[in-house]
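Yeah, the sequence shown ends on 1354 if you go by our numbering, and it's all consecutive.
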Amino acid sequence: MAFKLGRENRGFKSSKNVKLHRKNLDPGVLGEAYKDGSIAVDESVEPGSALDKRVQRHETVHAKEMQNGRMTYGDDYIRVDGKTYPRKDGKIKYNGEWREEGWDGFPWEKRAIKAERLTVNRSKGNKSSDGRAGSSAYQKIK
């Protein structure tokens, strides 16, 4: 996931066409994407900050993928690229293992992190404490 978006992500360069909500999200969750194509950013995130831009980009990828049918979800599943994964208690079963929602090894999270990293690059290198350009561990698909 480099700083450049690939062809498949060209439609996800900004959240301008995605409705944004600011609301109090669950503890540890900074952003969520919804089936209606909207996103939410936690009220604790300063509007216009590098973190705000990063969360918006990340969630916009998920929202756009839901809008174009690439991704959908229910209480007990997530379906991405035609494959259905069981979902329970904040975890998703992927390749035989239960992983926390937002795990950066999911293919759909990798695409969102790619967009997130582009924002980090543009905002002069704001990185997480471990040196990565961003982590999706704080996002949940709702």
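Even for Gly, the Cβ is constructed at its ideal location relative to N, Cα and C.
- Length-filtered (3 minimum) beta strand (DSSP E) runs lying within the stretch 1233–1293: Qualifying beta strand (DSSP E) stretches, in chain order: 1243–1245, 1251–1254, 1283–1286 and 1289–1292.
Quick test of your reading: Lys-1300 and Asp-1288, contact by CB under 8 Å. State the CB separation rounded to the nearest angstrom. 6 Å
(Q) What residue range does the beta strand (DSSP E) around Trp-1203 cover? (A) Residue 1203 falls outside the range modelled here, since the chain spans only 1213 to 1354, and no answer is possible.
Out of Ser-1256, Leu-1232, Lys-1247 and Gly-1260, point me to the one whose CA is closest to Gly-1240's CA. Ser-1256
**Study point:** Neighbour-count burial assignment, Ser-1254, 16 or more Cβ in a 10 Å radius
**Key:** Residue 1254 is actually Asp in this sequence, not Ser. Around the beta carbon of Asp-1254, 16 or more other beta carbons sit within 10 angstroms, so the residue counts as buried.
Contact set for Leu-1232: own chain, Cβ-Cβ below 8 Å, skip 5 residues either direction
Ser-1250, Ile-1251, Ala-1252, Val-1253 and Gln-1268
_Helix, strand or coil at Arg-1344 according to DSSP, with G and I counted as helix_ = Note on Arg-1344: pLDDT 34, under 50, position unreliable in the model; the coordinate value appears next. Residue state, collapsed to three classes: coil.
If you draw a straight line from the C-alpha of Pro-1298 to the C-alpha of Gly-1317, how long is it? Their backbone Cα atoms lie some 16 Å apart in a straight line.
Integer-rounded CB distance, given that Asp-1264 should sit under 8 Å from Glu-1258: 6 Å
- prompt: Taking the alpha-carbon positions, what's the Asp-1248 to Val-1273 distance?
  reply: 13 Å
Practice task
Return yes when the Cβ of Trp-1315 is within less than 8 Å of the Cβ of Glu-1277, no when it is not.
Solution key: no
### Query
Where do the ends of the beta strand (DSSP E) carrying Lys-1305 lie?
For Lys-1305, the uninterrupted beta strand (DSSP E) segment begins and ends at 1303–1306.
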